[in-house]
Amino acid sequence: MATNVQNKPLTARDYKSDLLSDWCPGCGDFGIVAALQGALAELQIPQHRVAVVGGVGCSSKSPHLMQTYGIHTLHGRPVPFALGVALANPDLTVVVTGGDGDGYGIGSGHFMNAGRRNVDMTYLVYNNEVYGLTKGQASPTLAYGQQTKSLPVPNVQERVDPLSLAICSGYTFVARSYAYNKKHLTETIKRAIQHPGMAIVDILQPCPTYNDLHTKEWYDQSIGVGATQTPRVYDIEAEGYCGKVNNPKDAAEWERKEIAALTKIRTPEDRIAVGVYWEVIKPTFMERLYPLNPQLKERAVCLAPLADNAGKPLANLGNVYEEFRVS
Amino acid sequence: MTNTETVNHFSWTIGGPQGTGVDSSAILFVRACALAGLYCYGKREYESTIKGGHSYTNVRVSETFINSHVDPIHLFTAYEKTAPLVHAPAITPGGALIYDPKVTDPAQLGLQNGVSAIAIPYDELLNELAAELNQPLAKVMIMKNTLAVGASLAMVKFDPQYVEAALKGIFTDRKAALVPMNMRAVEKGYEAIEKLGVAANFPYRLEARPDNPERLVMSGTSAVALGKVKAGCKFQTYYPITPASDESVYLESIAAEFGMNVVQCEDEIASACMAVGAALTGVRAATSTSCPGFGLMAEGIGWASMNEVPVVIVDYQRGTPATGLPTRHEQADLLFTAFISHGTPQRIVVAPGTMAEYFEDAFNAFNYAEQYQMPVLMLTDKCLANNTMTIHPFDESKLVINRGKLVSDEELARLSQQPEYQGVFKRYAFSEDGVSPRSFVGQEHGIHWNAGDEHSEIGHIWEDPENRIKMMQKRQKKLETALKGIPQDKQFKLYGPENAECTVVVWGSTLGPLLDALPILNSDGLSVNVLQLRLMVPFPVDGVSQILNRAKIKVGFEMNNTGQLAKLIRMETGIAMDHMILKYTGRPVSETEAVAAVRDVMKQQVKEVVLHYGY
Ligand SMILES: Cc1ncc(C[n+]2csc(CCOP(=O)(O)OP(=O)(O)O)c2C)c(N)n1
Ligand code: SF4
Chain A
211 MATNVQNKPL TARDYKSDLL SDWCPGCGDF GIVAALQGAL AELQIPQHRV AVVGGVGCSS
271 KSPHLMQTYG IHTLHGRPVP FALGVALANP DLTVVVTGGD GDGYGIGSGH FMNAGRRNVD
331 MTYLVYNNEV YGLTKGQASP TLAYGQQTKS LPVPNVQERV DPLSLAICSG YTFVARSYAY
391 NKKHLTETIK RAIQHPGMAI VDILQPCPTY NDLHTKEWYD QSIGVGATQT PRVYDIEAEG
451 YCGKVNNPKD AAEWERKEIA ALTKIRTPED RIAVGVYWEV IKPTFMERLY PLNPQLKERA
511 VCLAPLADNA GKPLANLGNV YEEFRVS
Chain B
227 MTNTETVNHF SWTIGGPQGT GVDSSAILFV RACALAGLYC YGKREYESTI KGGHSYTNVR
287 VSETFINSHV DPIHLFTAYE KTAPLVHAPA ITPGGALIYD PKVTDPAQLG LQNGVSAIAI
347 PYDELLNELA AELNQPLAKV MIMKNTLAVG ASLAMVKFDP QYVEAALKGI FTDRKAALVP
407 MNMRAVEKGY EAIEKLGVAA NFPYRLEARP DNPERLVMSG TSAVALGKVK AGCKFQTYYP
467 ITPASDESVY LESIAAEFGM NVVQCEDEIA SACMAVGAAL TGVRAATSTS CPGFGLMAEG
527 IGWASMNEVP VVIVDYQRGT PATGLPTRHE QADLLFTAFI SHGTPQRIVV APGTMAEYFE
587 DAFNAFNYAE QYQMPVLMLT DKCLANNTMT IHPFDESKLV INRGKLVSDE ELARLSQQPE
647 YQGVFKRYAF SEDGVSPRSF VGQEHGIHWN AGDEHSEIGH IWEDPENRIK MMQKRQKKLE
707 TALKGIPQDK QFKLYGPENA ECTVVVWGST LGPLLDALPI LNSDGLSVNV LQLRLMVPFP
767 VDGVSQILNR AKIKVGFEMN NTGQLAKLIR METGIAMDHM ILKYTGRPVS ETEAVAAVRD
827 VMKQQVKEVV LHYGY
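The structure is reproduced here in structure tokens:
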């Protein structure tokens, strides 16, 4: 993570490109991009040191709205593209923006395997329970039996739980937030970016066009009656939950916190919890490589010089030829 | 010595179950021959199993550089039961079979007349060896194949000092202690043959050559790997698949020396996308795979074309379709590669035909990729990928790195001071030759976007019809630029007499047997030359048409069932082949078969010949 060395502090506006979005009015995606811009401004990361990588879908168009390097890739594949960027230049801030269909459906293999590697990057999943850009089919997060607007029949498939999957796959920062809680979302994205390792934020994102069950109004409702009334969306950390492993060397603490996180995620309740469920510091992919391959620590592979001034390759095969030489 | 003795032309096969050291026997044999100044071409065949499948290596030895195997076997060495059942009938009269009398009855093998069968009492010899070395029998058993190599070399009266030197080259450092043990096993083999007194009448001899220029013993996957390293490739991704992963595993073993990052991915979709993502930062990035994995890369390759990303992807062709013949040879991905990914994305396709070209094209691929800003797809095949060959050191003297149109930090800083600078860089700026200057992700003042959708010069999605035409033309233009820029001798090559009556068109490793067949055919009263195609996309229409128009008889010679190169040539030039020689048994073609097949189509005017030989 690089920081701004220019004199003028960067504001959220500085991370906004000139492009106007083509999202439907009221789409939750607006709030997410604004929060990402706000988080980057708080962290003062120079624009050119940020790469925002999208898949394909409404949400995946976010990179175009960012005044940073923007990489709009293939449906389901933003994670491997982003891993390529992050591993070739570990000094960059790499943020993936993609849909729930993109990440938990077609890209699920990459989603799982990214956890195993713990590369330092941030994955923001815009979770609207539908495939927005293809007109509202059920996504992997829509519950069994539910019937959103475009579904001809109720959903017959069950939903996956991305948060417990992420923890079990090895993600080292696992959070949920809500697109219209700008303060919480900005703060969570900021923490995710600052986290040294693979972070995921599953963001509840109303899709007013295709998800008529879980609308902004629905999320904003209070539930219960009379004195027991509470907001539907609440912050677990505000209620005292802490998912952070303070001493990763303490196996007992690790296990206790991991079980607590999974229990919290898997316990059904009427309210919807947001917050950081799981946070632990573990060696990143690059940190695991450095002892095996010290040159990688000296400089990013993308900065290694390849040729001398005359264009002659610098790689000297002298030693490696030994294995093959027979005279 | 009889007057019919053949010196330094020899074809030896060793076979046995996979996992019993067939491979290491062949490597020992080849290295010993190379140390004695001889050249080898080692053809390796194995099944898609780990232990127990039938495997063998045929080593052809010569005084001069050779590019192929021959079908007759002069000596077949067996140390178990199954291999001779398959190969014994191919032993040529005058040749010999070495076998284990405990498991093999030579009368049951259908040996040709004039083939001697030589029984080696392996168990007895190994027991003696165990006693001599004061080692348990189990520890000595694994040297059965080494003993077999000793017996084989004794048959051709080969000087054992080269075997010892070869062992020293194989067992180095911590393993050096294994040299004397293994040498004792070799000597046991020599002693057994001496005791039987059979070598004197065996009409083949391998003699050391005094002139001994520097040589390497190598397989194709390593040649490609070294070409990549030389080119400064520092990021390689892969997903395990035969025969491609040998390249990546080797790269991983030397990665620390070159500061290269080799990443094993969850699948080939990720391999392709990760390499492309890395390339956006400016690193030279690559991935390697084999047919099924290459299929999974299609969409990523299209994206790289659309975003003009330089990336190198090597496909080691094997038997197809589907998982086909996973460990066998074929050249059936040409059309798939030429058209891979939907639409008409741009890519360069190179198809080297020799080990030296594997190295050279792997190196050049990165230059092409960066000069013309598109994926370069390299077609190799299982034959050369897995063969063990004696080659000369690669010629590095002419290698120059060309990174194409980059934009420096200083240039970007200067641009950012211009009044029209809006904080973005025109990464896809229209240009005369179609190639635009490239900024890397992370470069200050170089911000732009990438999109799989059609985009503007700065990379934002834009569906404007006029922009669409200009962008499509810009990207396509780069292929014209590439055809002009890639030296002609890297595009195609004519071997043999320029104005021959018959031109045989080949690609990939099929070049080898045709190169060796060429002098034989021409000394046989035929007039033949060989045209090798090495650059498939963009297709060198003019040069190839000129050559083909001169030939009275045009013969396509390919390792697939439909003649894919012939189809591509017809599509690009309108010129059709008169005859096709095809082989798709999964086994590469030999010099023997090539000579006969070309002679047959020329003399008998058959339209299409399908070759069968080999197991
Ligand atoms: C390989 C492939 N299959 C299908 C599509 C079509 N497609 C485009 S967007 C999309 C779904 C997007 O849904 P999601 O990822 O949840 O994002 P959202 O639009 O809801 O933000 C699909 C299936 C595609 N582009 N590529
Ligand atoms: S379809 Fe839904 S997710 Fe897509 S832009 Fe419209 S509201 Fe947003």
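Residue numbers (our numbering), protein chains in the order written: chain A, 211 to 537; chain B, 227 to 841. All C-beta atoms, glycine included, are put in the ideal place defined by N, C-alpha and C. Since the model is a prediction, treat every value here as computed from it, not as a measurement.
At least one CB of chain B lies nearer than 9 Å to the CB of A/G319.
In this structure, DSSP gives B/Y594 a helical state, which the three-state scheme calls helix. Beta-carbon to beta-carbon, B/T606 and B/G446 are separated by about 6 Å, close enough to satisfy the 8 Å threshold. Beyond the five residues adjoining it in sequence on each side, B/G508 comes within less than 6 Å, by CB distance, of F666 in the same chain, given in chain order. For B/L373 against B/Y348, the beta-carbon gap comes to about 7 Å, under 8 Å, which counts as contact.
B/K269 has B/N284 as its beta-bridge partners, per DSSP.
Within the segment 653–680 of chain B, contact with chain A at the beta-carbon level (separation under 8 Å) is assigned to F666, V667, G668, Q669, E670, H671, G672, I673, H674, W675, N676, A677, G678 and D679.
Inter-segment contact for the segment 786–799 of chain B and the segment 763–770 of chain B is present: three or more beta-carbon pairs are separated by less than 8 Å. Under a 10 Å Cβ-count criterion, A/I433 is classified as exposed, with fewer than 16 other Cβ atoms of the shown protein chains found around its own Cβ. In terms of side-chain proximity, the C-beta atom of A/S269 is found nearer than 8 Å to a non-hydrogen atom of ligand 2. Listed along chain A are V530, each with a C-beta nearer than 8 Å to that of B/I480. Under DSSP, A/R386 shares a beta bridge with A/D412 and A/G485. The DSSP assignment places 404–422 as complete runs of the alpha helix (DSSP H) inside the segment 398–439 of chain B, in order along the chain (cut-off: 4 residues). DSSP links A/V340 through a beta bridge to A/A348. When the five nearest sequence neighbours on each side are left out, the beta carbons in the same chain lying within less than 7 Å of the beta carbon of B/M828 are those of C728, L752 and I779, in order along the chain. By the CB criterion at 9 Å, B/L301 and B/I324 fall inside the cutoff.
In this structure, A/Y388 lies near A/I482, with their beta-carbon atoms less than 9 Å apart.
Close to chain A, meaning a Cβ-Cβ distance shorter than 9 Å, are the following residues of the segment 512–543 of chain B: E525, G526, G528, W529 and N533. Inclusion of A/D312 in the 8 Å shell around ligand 1 follows from its C-beta lying nearer than that to a non-hydrogen atom of the ligand. In this structure the segment 493–510 of chain B touches the segment 451–462 of chain B; the number of beta carbon pairs closer than 8 Å is three or more. Under the DSSP definition of a beta bridge, B/V756 partners with B/Y721 and B/V730. Interface annotation, B/A504: in contact with chain A, CB-CB separation under 9 Å.
Take the alpha-carbon of B/C259 and the one of B/A434: they are about 8 Å apart. Looking from the CA of B/D804, the closest CA among B/T818, B/G789 and B/P814 belongs to B/G789. A/P515 counts as exposed, since fewer than 16 other C-beta atoms from the protein chains shown sit within 10 angstroms of its C-beta. Neighbours of B/H686 in chain A, taken as residues whose beta carbon is under 7 Å from its own, are L229 and H274 in chain order.
Of the heavy atoms belonging to ligand 2, none sits nearer than 8 Å to the Cβ of B/T606. Nearest to A/D445 by alpha-carbon distance, out of A/Q347, A/H394, A/K454 and A/G311, is A/H394.
Rounded to whole angstroms, the gap between the alpha carbons of B/Y272 and B/G279 is 7 Å.
Contact between A/A510 and A/D301 holds, with the beta-carbon distance rounding to 6 Å and staying under 8 Å. Here A/S269 is buried, its C-beta having at least 16 other C-beta atoms within 10 Å. For a Cβ distance threshold of 8 Å, residue set G668, Q669, E670, H671, G672 and I673 of chain B lies close to A/H258, ordered along the chain. The Cβ atoms of A/G325 and A/G286 lie no closer than 9 Å to each other.
Contacts between B/D437 and chain A, judged by CB atoms closer than 9 Å, are missing: the closest CB pair is about 11 Å apart.
Nearest C-alpha to B/L264 among B/T616, B/A677, B/R694 and B/G711: B/T616.
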